[in-house]
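Beneath this line is the structure, given in C-alpha coordinates, with notes to follow.
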Amino acid sequence: MAWECGIDGCGAVFDDVESAVVHQATTHQRCECQVCGTIVPDGYLAIRHVFTEHSRAEYVRAYGASSEAVRKREALLEEIDAVVDMQTIATELKR
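Taking UniProt numbering, the leading residue of the sequence shown gets 1, the next gets one more, and so forth.
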(Lines of atoms letter the chains of each structure in order from A; the text may use other names.)
(Lines give C-alpha, C1' and ligand atoms only; values in the text may rest on other atoms or scores of the structure.)
Protein backbone atom coordinates (compact mmCIF):
# COMPACT_ATOMS: atom_id res chain seq x y z
CA MET A 1 0.00 0.00 0.00
CA ALA A 2 1.25 3.47 -0.85
CA TRP A 3 1.05 6.28 1.70
CA GLU A 4 0.54 9.87 0.58
CA CYS A 5 1.42 12.99 2.55
CA GLY A 6 -1.75 15.03 2.93
CA ILE A 7 -0.21 18.18 4.39
CA ASP A 8 -1.06 21.30 2.37
CA GLY A 9 -1.47 19.32 -0.84
CA CYS A 10 2.11 17.98 -0.67
CA GLY A 11 1.18 14.70 -2.34
CA ALA A 12 4.54 12.97 -1.78
CA VAL A 13 4.04 9.19 -1.91
CA PHE A 14 5.88 6.57 0.14
CA ASP A 15 6.03 2.78 0.14
CA ASP A 16 5.58 2.55 3.91
CA VAL A 17 3.78 4.61 6.51
CA GLU A 18 6.93 5.13 8.58
CA SER A 19 8.62 6.96 5.68
CA ALA A 20 5.55 9.13 5.23
CA VAL A 21 5.48 10.09 8.92
CA VAL A 22 9.23 10.82 8.99
CA HIS A 23 8.75 12.97 5.87
CA GLN A 24 5.96 14.92 7.59
CA ALA A 25 8.06 15.42 10.70
CA THR A 26 11.21 16.53 8.89
CA THR A 27 9.99 18.32 5.77
CA HIS A 28 6.96 20.25 6.91
CA GLN A 29 6.82 22.99 9.52
CA ARG A 30 5.95 22.07 13.06
CA CYS A 31 2.70 23.32 14.50
CA GLU A 32 1.46 24.40 17.90
CA CYS A 33 -1.21 22.33 19.63
CA GLN A 34 -4.11 24.70 20.14
CA VAL A 35 -5.10 22.86 23.32
CA CYS A 36 -1.85 22.88 25.28
CA GLY A 37 0.66 24.90 23.25
CA THR A 38 3.10 22.03 22.68
CA ILE A 39 5.03 22.28 19.40
CA VAL A 40 4.61 19.04 17.45
CA PRO A 41 5.42 17.80 13.94
CA ASP A 42 2.55 18.34 11.55
CA GLY A 43 0.49 15.49 10.13
CA TYR A 44 0.04 12.12 11.80
CA LEU A 45 2.13 12.99 14.88
CA ALA A 46 0.10 16.17 15.48
CA ILE A 47 -3.17 14.28 15.17
CA ARG A 48 -1.83 11.51 17.39
CA HIS A 49 -0.79 14.09 19.99
CA VAL A 50 -4.13 15.84 20.15
CA PHE A 51 -6.19 12.64 20.26
CA THR A 52 -4.03 10.83 22.83
CA GLU A 53 -3.20 13.77 25.08
CA HIS A 54 -6.54 15.57 25.00
CA SER A 55 -10.23 14.76 24.96
CA ARG A 56 -12.45 15.03 21.91
CA ALA A 57 -14.24 17.93 23.55
CA GLU A 58 -10.94 19.81 24.03
CA TYR A 59 -10.09 19.20 20.37
CA VAL A 60 -13.48 20.43 19.19
CA ARG A 61 -13.30 23.58 21.33
CA ALA A 62 -9.71 24.45 20.43
CA TYR A 63 -9.99 23.80 16.69
CA GLY A 64 -13.68 24.48 16.07
CA ALA A 65 -13.86 20.99 14.60
CA SER A 66 -17.03 19.30 13.46
CA SER A 67 -17.97 15.77 14.45
CA GLU A 68 -17.15 14.75 10.87
CA ALA A 69 -13.61 16.17 11.23
CA VAL A 70 -13.17 14.25 14.49
CA ARG A 71 -14.36 10.99 12.91
CA LYS A 72 -12.07 11.50 9.89
CA ARG A 73 -9.00 11.98 12.10
CA GLU A 74 -9.92 9.09 14.39
CA ALA A 75 -10.30 6.81 11.36
CA LEU A 76 -6.91 7.96 10.04
CA LEU A 77 -5.32 7.23 13.42
CA GLU A 78 -6.85 3.75 13.52
CA GLU A 79 -5.67 2.98 9.99
CA ILE A 80 -2.10 4.10 10.67
CA ASP A 81 -1.89 2.72 14.21
CA ALA A 82 -2.79 -0.72 12.85
CA VAL A 83 0.40 -0.88 10.76
CA VAL A 84 2.91 1.70 12.01
CA ASP A 85 6.18 0.80 13.72
CA MET A 86 6.74 3.72 16.09
CA GLN A 87 10.22 2.45 16.99
CA THR A 88 11.30 2.86 13.37
CA ILE A 89 9.96 6.41 13.33
CA ALA A 90 11.66 7.25 16.63
CA THR A 91 14.98 5.86 15.38
CA GLU A 92 14.78 7.86 12.13
CA LEU A 93 13.85 11.09 13.92
CA LYS A 94 16.79 10.74 16.34
CA ARG A 95 19.27 10.87 13.42
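Glycine included, every Cβ here is placed at the ideal spot set by N, Cα and C. Note that the structure is predicted; figures quoted are calculated from it, not measured.
Requested in this report: Give the range of the alpha helix (DSSP H) segment to which V70 is assigned.
Outcome: Counted from its first residue, the sequence shown places residue 70 at position 70. Run containing V70: 67-81, per the alpha helix (DSSP H) assignment.
Query raised in the report: Helix, strand or coil: which one does DSSP assign to V50?
Result: The residue labelled residue 50 in the question sits at position 50 within the sequence shown. If DSSP states are grouped into helix, strand and coil, V50 belongs with the helices.
Report task. Give the DSSP-derived three-state secondary structure of V84 in the structure shown. Result -> Along the sequence shown, one-based indexing puts residue 84 at 84. V84 sits in coil when the DSSP states are folded into three classes, being neither helix nor strand.
Query raised in the report: Which whole-angstrom value is the C-beta distance of V17 and V35, which I expect to be below 8 Å?
Result: For the purposes of this step, residue 17 is taken as residue 17 along the sequence shown, with counting starting at 1. For the purposes of this step, residue 35 is taken as residue 35 along the sequence shown, with counting starting at 1. Their Cβ separation, rounded to whole angstroms, is 25 Å, which puts V17 and V35 out of contact at 8 Å.
Query - Spatial distance of G9 from H28 (CA atoms) - result: Locating residue 9 in the sequence shown gives position 9, counting from the first residue. Locating residue 28 in the sequence shown gives position 28, counting from the first residue. Straight-line measurement puts the Cα of H28 at about 11 Å from the Cα of G9.
Query raised in the report: Do D15 and A25 have their C-beta atoms closer together than 8 Å?
Result: The residue given as residue 15 occupies position 15 in the sequence shown. The residue given as residue 25 occupies position 25 in the sequence shown. One thing to note: D15 has its Cβ no nearer than 8 Å to the Cβ of A25.
Query raised in the report: Is it right to say R48 is buried, meaning 16 or more other beta carbons lie within 10 angstroms of its own, or is it exposed?
Result: Walking along the sequence shown from the start, residue 48 turns up at place 48. Counting Cβ neighbours within 10 Å, R48 comes out buried, since at least 16 surround it.
Query raised in the report: In the DSSP assignment, what residue or residues form a beta bridge with I39?
Result: Indexing the sequence shown from 1 puts residue 39 at position 39. Answer by DSSP bridge pairing, in chain order: E32.
Query raised in the report: Opposite V13 in the DSSP bridges: which residues?
Result: Looking up residue 13 in the sequence shown gives position 13. In DSSP, V13 forms a bridge with E4.
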